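This report refers to the structure that appears directly beneath it.
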Amino acid sequence: AWVSPRQAVTGCRLAQALTQYCVGANYGWLLAEGLFLHKLLVLAAFSGERCLPAFLLLGWGEPVPMSPLCPHVPPHPLPNLVPIPPGAPVLFVVPWVVVRYLYENEGCWERNEKAAVWWIIRCPILMAVVVNFVVFVRIVRILVAKVRAHQVSRGDTRVR
């Protein structure tokens, strides 16, 4: 089956949009994991099940059914359909696609000549990295404080 140049460009642009979604989901999941670890360290009675939908929304965009792993999440009513996830990555990928189509609609969208259009994708990712770094620093401080408290409680005077 022969593919027309227009179909090839459309497929290539869809692949670019999917790639941007996957990159955004990757950073969303890194952030969700960092927040989850922070919650585990800070709250003694933290239950991940209560926050699972929020973490799934941050990562993929939709609370996907995970029946074997999490029996509290009901199965998806239409398991054969792939829904468009309305979550965090979509919030910046869809505007990027629209702006890209309107103002920089050339080729396969693999080049980024207009910086303002590229920042639609980069800004949320950069924000996720900054927040994740702050969470990381807080986690390290919590772990150091717990190690020091454990050393003091054991009578170890070599607290560093």
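In this text, residue positions in the sequence shown follow the numbering used here: the first is 1, and each later residue adds one.
Beta carbons: idealized from backbone N, C-alpha and C, even for Gly.
These figures come from a predicted structure and were not determined experimentally.
Best match in the options for proximity to residue i [C-alpha to C-alpha]
i	options	result
Ile120	Leu14, Gln7, Gln20	Gln20
Leu14	Tyr101, Pro53, Val144, Cys51	Tyr101
Ile125	Pro89, Ser153, Leu37, Leu41	Pro89
Arg6	Ala25, Gly107, Val147	Gly107
Leu91	Arg111, Asn112, Ala116, Cys123	Cys123
Val137	Glu110, Leu37, Cys12	Leu37
Beta-carbon proximity check, residue i vs residue j, cutoff 8 Å
i	j	result
Cys51	Lys39	yes
Leu41	Asn132	no
Val135	Leu35	yes
Ala8	Val93	no
Leu57	Gly87	yes
Val99	Val117	yes
Own chain residues within Cβ distance below 6 Å of residue i, not counting five before or after
i	result
Lys114	Glu104
Ala32	Phe55, Leu58, Gly59
Classification of residue i by the beta-carbon crowding that lies within 10 angstroms, buried from 16 upward
i	result
Gly59	buried
Phe55	buried
Trp2	exposed
Val140	exposed
Gly28	buried
Ala128	buried
heavy atom of the ligand NAD below 7 Å from residue i C-beta
i	result
Val131	Looking for the ligand NAD in the displayed structure turns up nothing, as the structure carries no ligands at all.
Close Cβ partners of residue i (< 8 Å) along its chain, the five nearest in sequence each way excluded
i	result
Leu143	Leu41
Residue span of the alpha helix (DSSP H) that contains residue i, given as start and end
i	result
Lys146	115–153
Cys22	5–42
Trp96	88–103
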